[in-house]
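Structure, as structure tokens:
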Amino acid sequence: MKPLLATAAILLATGLALGNGDVALLAAVPLASYAVNALLPPPRIAVAKRREGSYVEVYIQGDRLPGVLYIYDAAPLDAPGGPRRWALFKPPLKRTLRLRYREEAPGGGLVVEVYNPAMTKRAVVVYAEEPRAAAPPAKPWEGAEEFAEVKPYQPGDPLRRVNWRAFAKTGELYVNKYAGSERGRAVVVVDARRLRGAVVEAAAKAAAILAERGYDVSYFVLGHGEAQEVPKSFTPSCTGRPPCADVVTYVGSLRDPCPVDCLRVVYIDVAARNPLAAIRRLSLYRELRARGAEVLTDVEKLAEVV
């Protein structure tokens, strides 16, 4: 888009120098083109990734809007150097772009910054492929259970207990409640706005620990919603309201945590592996603990508080 602005400036300067209003008015053409591109939203994209030997292939599928893409291959935290970056232009109409490169450090995710052609509007798409965090399989329910009653569905209730017969009659969701020993429910809130690779890895460990403690575990991915596993491609943000459960575990970089309106919340700060970051956030840790929350700097310590 810079050539459009340069062309407009040249036409305007030439018209003024020659005293020719028609030439000066021609500057409105590139300016109008720039204005149209500046108002466009960034294109919506979906990212896929696969490996072939030592090479990585990235496929980016976009909608009809044009845009500029910056692709970052995020290296692990302990890898030397910063992330590699590629720039691609997405033409108008639906296109699938392909990028192939040699993998240097396995275990990193992908981040794609998406801009409109004028670089005035931006969106970020994260592809968290390494590691893929899946909710551990639930253990068999312990103890005898007897049907007790039907109650209205609440966010976080196991879908396997939905009473579909009641739903067919009323159009509203109800769940079956049983008497006897029940497993507690746990929700792992995934905040991948920063340090996405470390966050996804820590979320998987937290889910495994909670499952070992006898909880039914599900995920709530900020910017995506409820899930049984962390999706490969999503746009992290603070949107969405995590459901409450017996234990809510918030995993992220706690520079500015998203609000969670639940009684029992355990925060895990993945950035605290850097001692300097942990020291700078001591006041935030104290504030969260004053609200009754637990704050951990190591996901392995979750086993000591649940």
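This note's numbering applies: residue 4 is where the sequence shown begins, and numbers increase by one. Note that the Cβ used here is the ideal one computed from N, Cα and C, for glycine as well.
The DSSP-derived three-state label of Glu106 is coil.
Straight-line measurement puts the Cα of Ala20 at about 45 Å from the Cα of Val115.
The DSSP assignment places 199-215 as complete runs of the alpha helix (DSSP H) inside the stretch 191-224, in order along the chain (cut-off: 4 residues). DSSP places Lys93 within a strand segment (E or B) once states are collapsed to three. By the CB criterion at 8 Å, Leu213 and Val273 fall outside the cutoff.
Note: Asn179 is bridge-paired with Val153 in the DSSP secondary-structure output. With fewer than 16 other Cβ atoms inside 10 Å of its own Cβ, Leu42 counts as exposed.
Cβ contact annotation for Arg105 (same chain, cutoff 7 Å, sequence separation greater than five): Ser57, Tyr58, in chain order. For Lys172, DSSP assigns no beta-bridge partner whatsoever. Selection Ala293, Ala189, Tyr253, Glu232 evaluated against Cys241 yields Tyr253 as nearest (Cα-Cα). For the alpha helix (DSSP H) assignment, the uninterrupted runs of no fewer than 4 residues enclosed by the stretch 258-294 are, from N- to C-terminal side, 278-283, 285-293. Ala30 is positioned such that its CB atom lies closer than 8 Å to that of Leu15.
Of the candidates Ala210, Lys172, Pro262, Gln64, Ala210 places its Cα closest to the Cα of Val302.
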